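Numbering (full-length UniProt numbering), first residue to last: 1 to 170.
We put the beta carbon where it would ideally sit given N, CA and C, even for glycine.
Keep in mind the model is a prediction, meaning the values are calculated, not measured.
Structure first, commentary second.
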């Protein structure tokens, strides 16, 4: 399969469009045929060297946000089947989305809503999870609370505005 691989950390010149072996899902994983992989700041930060600090082994395929269809499931996966439209997060140390296929944990993806196309679905996972963790897991935001969201025009900020409104915060 074709993939964009990094064999060393650095600037955009380390991106290598090449052939790699298609990954196979382990028992609790799903193989996704990638329709869209979003470009996320985490990807270029990992490429620039953050991946080394986290102990990611090279070569590495970036692309944390994906949307696509399930190609194959591991033997323990019961929540998805071949052909399901999904979106979610890949783990860079497993198999990123800048490839024709990506492997990820079954609990890192969700069914793609019919109201979203693949492009829109791929733009959601990391931004939404970041906003959710900040507001609900860390700050315990609740209905009726006031919140100031700076950077509300970016991916995480726009998700934070929508999640806060849905929670009843203002």
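Segment contact flag, the stretch 50-69 with the stretch 136-144, C-beta cutoff 8 Å, min 3 pairs: no
Measure the alpha-carbon distance for residue 1 versus residue 33 and round it to whole angstroms. 11 Å
Alpha carbon of residue 112 to alpha carbon of residue 146, nearest angstrom: 31 Å
Residue 40 classed as buried or exposed, judged by whether at least 16 other C-beta atoms fall within 10 angstroms: buried
Less than 6 Å between C-beta atoms, sequence neighbours within five positions excluded: which residues of the same chain meet that for residue 37? 63, 66, 97 and 98
Is the beta carbon of residue 118 less than 8 Å from the beta carbon of residue 68? yes
Could you check what DSSP says for residue 29 in three-state terms: helix, strand or coil? strand
Straight-line gap, residue 17 to residue 162 (C-alpha atoms, nearest Å): 36 Å
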